[in-house]
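To start, the structure under review is shown below, and the notes come after it.
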Amino acid sequence: MKLSTREDIDAPLNEAFVAVSDFDYLERQILRRGIQVVRTDTLDAPDVGMAWRADVTMRSQVYDVHCKLADWTPPGMALLTAESGALSCELEVNLSALSLNTTRLRAAMTVRAHAFRERMLLQSLQLAKARISRQFEEIVRGYAHDAGRRAAAA
Numbered sequence: 014m015k016l017s018t019r020e021d022i023d024a025p026l027n028e029a030f031v032a033v034s035d036f037d038y039l040e041r042q043i044l045r046r047g048i049q050v051v052r053t054d055t056l057d058a059p060d061v062g063m064a065w066r067a068d069v070t071m072r073s074q075v076y077d078v079h080c081k082l083a084d085w086t087p088p089g090m091a092l093l094t095a096e097s098g099a100l101s102c103e104l105e106v107n108l109s110a111l112s113l114n115t116t117r118l119r120a121a122m123t124v125r126a127h128a129f130r131e132r133m134l135l136q137s138l139q140l141a142k143a144r145i146s147r148q149f150e151e152i153v154r155g156y157a158h159d160a161g162r163r164a165a166a167a
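Read in order, the letters of the sequence shown correspond to residues 14 to 167 in my numbering.
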C-alpha cells in the first residue's frame, strides 16, 4: 500500500530541514501519543544508522517495530525504514526549495506484507485506504505546519 502527500513549509530549505529532521522532538511527539519508543543506536547527530524500537498496538495486536534511518542526504532527503515481523514500511521525505522562504515537503510511505497474516491485515487496511490516506495527509500537514513554526522561532 502506498500513500503520498505534499505540503509547503513557510521557511527556507535549510531551516525547514533542521526542523523536520529534529528526531528528539519527533520521539517526544510519539511518546505523547502513548507509543513506547527507545533509541537503540549511539550516534550523536542524525546520520545513516540511527535506530529505534517501538511497541505499537494496532487492531488489538502489539507489534514490535524496529525503525532505522536508511538514507540521509541533507538538506533534501531522508529515508526511514521500519520492520515488524512480516510487515515492512518505508517513509521517504523529500524537501525542495520553492522560493527563498518556502520549502515543499513530499512524504511517501510504502507498506509491504511478507506473510499471509500480514497480507490479510494490509488487505483490510486497503479497504479503508481513502480514510487512511486522509489521516496520513493530516499528520503530514500538522507536522509540516509545526516544523514551519519551529523553524521561524529558531
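In this text, a Cβ means the ideal position worked out from N, Cα and C, and glycines have one as well.
query                                                                                                                                                                          : result
What did DSSP end up calling Ile145 once you bin it into helix, strand or coil?                                                                                                : helix
Identify which residue in Glu96, Ala83 and Asp84 has its Cα closest to the Cα of Arg66.                                                                                        : Glu96
Is Ala167 helix, strand or coil when you go by DSSP?                                                                                                                           : coil
Count the other C-beta atoms from every protein chain shown that fall within 10 angstroms of the C-beta of Leu100, then say buried if there are 16 or more, exposed otherwise. : buried
From the DSSP output, read off the bridge partner residues of Val51.                                                                                                           : Arg66
Compute the distance between the beta-carbons of Lys15 and Thr86, then report whether it is under 8 Å.                                                                         : no
Which of the three DSSP states is assigned to Met172 in this structure?                                                                                                        : Absent from the structure is residue 172, since the part of the chain shown begins at 14 and ends at 167.
Where Cys80 and Leu26 are concerned, what is the direct C-alpha to C-alpha distance, given to the nearest angstrom?                                                            : 25 Å
Bridge partners for Met90 per DSSP, in chain order?                                                                                                                            : Thr86 and Asn107
When the Cα atoms are used, what is the spatial distance from Val61 to Ser109?                                                                                                 : 20 Å
Below 8 Å on the Cβ atoms is my guess for Ile43 versus Val50; work out the distance and round it to an integer in Å.                                                           : 5 Å
Which of the three DSSP states is assigned to Arg46 in this structure?                                                                                                         : coil
Alpha carbon to alpha carbon, how far is Ala121 from Val153?                                                                                                                   : 10 Å
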